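This report concerns only the one structure given below.
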Amino acid sequence: MQLIPLETLPANAQAMAIPPVWVGDVNIPAEDIAREMQYHQADSVEEAQLQAARALVVRELLRQRCDELGWEVEDSEEAALAALLDTELDVPEPAEADCQRYFEANAERFSEPVRLSVRHILLAAAPDDADARDRQYRLGQELVAELQAVPERFTEFAQRHSACPSKDDGGELGWLTPGQTVAELDRALQRLPEGLHDRPLASRYGWHVVSIDHRDGGRAVSYIEAAERVRHTLREQATRRALRHYLLALEARLGVSGVALDDESAGALMQ
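Quick note: the sequence shown uses this note's numbering, first residue 12, plus one each step.
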């Protein structure tokens with residue numbers, strides 16, 4: 012998923028894939044939807060357009076509710092909409108028993124993540140360049156074989172061969188936790204033991220000669236340690252549910268045409 016660059020967006024209503032969008036008797040202009048699209052991650056222009064339209068529908072629903080209450084929103088719209096939700100959403104505080112049950116069922120979510128001290132040598136090759144990937148893989152095999160015999164040459168090889176800026180630090184990536192590198196490399200790293208891996212690892216950027224210098228194993232935490240994070244998680248889930256029901260009720264009462272809200276609409280508003 013990626014943000015859609017502004018220069019790729021449709022310039023007029025004829026380029027839009029959805030019909031005209033209305034909230035009550037207020038039209039959401041196609042030009043406003045096009046401008047909003049650049050702020051939404053999507054795999055396609057059409058999906059970004061749909062997300063943008065829904066975001067503007069949600070904002071207009073809340074603005075119209077403020078108007079019903081006689082609230083002024085022009086001077087500070089963000090503050091007014093936040094105050095509206097604080098006033099109108101009924102979000103119960105999670106009960107202690109519910110928190111404990113949730114923790115017992117999801118304890119792994121709250122454990123401290125595994126940390127890896129990693130060095131690598133990136134042998135760059137585009138995903139669609141089969142010749143380059145084959146050539147770089149064979150180079151990676153040669154480097155691994157040499158490093159198995161003389162491990163202290165890692166810094167030298169990184170500075171000579173790596174296409175990553177980390178080459179200036181001898182290939183040092185520092186301490187990595189899950190999610191800090193590209194997904195395909197991240198998954199492979201989590202399974203590796205300490206030491207030099209015996210073959211290059213693939214990623215969208217090419218091949219990686221990898222050494223895991225230290226592995227700091229994830230630590231399970233007690234409920235007492237995780238209690239505040241558990242409460243925050245359950246509070247956020249309850250807020251999303253309450254916001255979804257609130258928006259759907261406004262949608263049904265005020266009337267929306269052109270798009271329909273979905274479960275993601277509330278989540279986007281909370282980001």
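For glycine and all other residues, C-beta sits at the position ideal for the given N, C-alpha and C. Small disclaimer: the values here were computed from a predicted structure and weren't measured.
Quiz item: Is there contact here, the segment 26 to 44 with the segment 252 to 270, by at least three beta-carbon pairs under 8 Å?
Solution: yes
Quiz item: Using DSSP with H/G/I as helix, E/B as strand and the rest coil, what is residue 191?
Solution: Position 180 of the sequence shown holds residue 191. Of the three classes helix, strand and coil, the one that applies to residue 191 here is coil, per DSSP.
Self-check item: CA-to-CA distance, residue 168 to residue 154, given in whole angstroms
Solution: The residue labelled residue 154 in the question sits at position 143 within the sequence shown. The residue labelled residue 168 in the question sits at position 157 within the sequence shown. Spanning the two alpha carbons is a distance of roughly 8 Å.
Quiz item: In whole angstroms, what separates the C-alpha of residue 139 from that of residue 147?
Solution: Taking the sequence shown and counting its residues from 1, one reaches residue 139 at position 128. Taking the sequence shown and counting its residues from 1, one reaches residue 147 at position 136. Rounded to whole angstroms, residue 139 to residue 147 spans 13 Å at the Cα level.
Quiz prompt | Alpha-carbon spacing of residue 204 relative to residue 226, whole angstroms | solution = Mapped onto the sequence shown, residue 204 falls at position 193. Mapped onto the sequence shown, residue 226 falls at position 215. Going by the C-alpha atoms only, they are around 8 Å apart.
Exercise. Could you say which of 253, 233 and 242 lies nearest to residue 123 if we only look at CA atoms?
Key: For the purposes of this step, residue 123 is identified with residue 112 of the sequence shown, where counting begins at 1. Comparing Cα-Cα distances from residue 123 to each of 253, 233 and 242, the minimum goes to 233.
Quiz item: Which residue's Cα is closest to the Cα of residue 43: 53, 228, 90 and 65?
Solution: For the purposes of this step, residue 43 is identified with residue 32 of the sequence shown, where counting begins at 1. Closest option to residue 43, Cα to Cα, is 65.
Exercise. If I'm right that residue 173 touches residue 132 with Cβ under 8 Å, what's the distance once you round it to whole angstroms?
Key: Stepping through the sequence shown from its first residue, residue 173 is reached at position 162. Stepping through the sequence shown from its first residue, residue 132 is reached at position 121. Indeed they touch by this definition, with Cβ atoms about 4 Å apart.
Quiz item: To the nearest angstrom, how far is it from the Cα of residue 241 to the Cα of residue 114?
Solution: Working through the sequence shown from its first residue, we reach residue 241 at position 230. Working through the sequence shown from its first residue, we reach residue 114 at position 103. Going from the Cα of residue 241 to the Cα of residue 114 covers about 7 Å.
Quiz prompt | Within 7 Å, strictly: CB atoms of residue 102 and residue 250 | solution = Locating residue 102 in the sequence shown gives position 91, where the first residue counts as 1. Locating residue 250 in the sequence shown gives position 239, where the first residue counts as 1. A contact, by the Cβ cut-off of 7 Å.
Quiz item: Which class does residue 133 belong to by DSSP, given the choice of helix, strand or coil?
Solution: Residue numbering aside, residue 133 sits at position 122 when the sequence shown is read from its first letter. Of the three classes helix, strand and coil, the one that applies to residue 133 here is strand, per DSSP.
Practice problem: From the DSSP output, in three-state form, read off residue 177 for me. | Solution: Numbered from its first residue, the sequence shown carries residue 177 at position 166. Looking at residue 177 - three-state DSSP - the assignment turns out to be helix.
Exercise. Would you give the residue range spanned by the beta strand (DSSP E) that residue 221 belongs to?
Key: Mapped onto the sequence shown, residue 221 falls at position 210. It spans 217 to 227 - the beta strand (DSSP E) in which residue 221 sits, taken as one unbroken run.
Quiz prompt | Counted within 10 angstroms of its Cβ, other Cβ atoms place residue 76 as buried (16 or more) or exposed | solution = Within the sequence shown, numbered from 1, the residue matching residue 76 stands at position 65. When all chains shown are included, residue 76 counts as buried.
Quiz item: Which full runs of the beta strand (DSSP E) of 3+ residues lie inside the segment 19 to 92, going along the chain?
Solution: 32 to 34 and 37 to 39
Quiz item: Just how far apart, CA to CA, sit residue 46 and residue 63?
Solution: Here residue 46 corresponds to residue number 35 of the sequence shown, with the count starting at 1. Here residue 63 corresponds to residue number 52 of the sequence shown, with the count starting at 1. Distance between the alpha carbons of residue 46 and residue 63 is about 9 Å.
Self-check item: Exposure label - residue 89; buried when at least 16 CB within 10 Å
Solution: Numbered from its first residue, the sequence shown carries residue 89 at position 78. By the 10 Å Cβ count, residue 89 comes out exposed.
Quiz item: Secondary structure at residue 123, three-state DSSP: helix, strand or coil?
Solution: Residue 123 sits at position 112 when you count from the first residue of the sequence shown. The answer is coil: DSSP assigns residue 123 none of H, G, I, E or B.
Quiz item: Which residue or residues does DSSP assign as beta-bridge partners of residue 212?
Solution: Taking the first residue of the sequence shown as 1, we reach residue 212 at position 201. Looking at the DSSP assignment, residue 212 forms a beta bridge with 219.
Practice problem: Report all residues from its chain with a CB closer than 6 Å to the CB of residue 108; omit the five preceding and five following residues, and keep chain order. | Solution: Taking the first residue of the sequence shown as position 1, residue 108 is located at position 97. Excluding residues within five positions, none has a Cβ falling inside 6 Å.
Quiz item: By the 10 Å Cβ neighbour count, where 16 or more other Cβ atoms means buried, how is residue 162 classified, buried or exposed?
Solution: Mapped onto the sequence shown, residue 162 falls at position 151. When all chains shown are included, residue 162 counts as exposed.
Quiz prompt | Contact check, residue 4 vs residue 217, beta carbons under 7 Å | solution = Residue 4 lies beyond the stretch modelled for the chain, which goes from 12 to 282, so this question has no answer here.
Quiz item: Is residue 102 helix, strand or coil by DSSP?
Solution: Numbered from its first residue, the sequence shown carries residue 102 at position 91. Residue 102 falls in the coil class under three-state DSSP.
Quiz prompt | Classification of residue 51 by the beta-carbon crowding that lies within 10 angstroms, buried from 16 upward | solution = The count along the sequence shown starts at 1 and reaches residue 51 at position 40. It is buried - the Cβ of residue 51 has at least 16 other Cβ atoms within 10 Å.
Practice problem: Express the C-alpha separation of residue 196 and residue 142 in angstroms, rounding to a whole number. | Solution: Working through the sequence shown from its first residue, we reach residue 142 at position 131. Working through the sequence shown from its first residue, we reach residue 196 at position 185. Spanning the two alpha carbons is a distance of roughly 21 Å.
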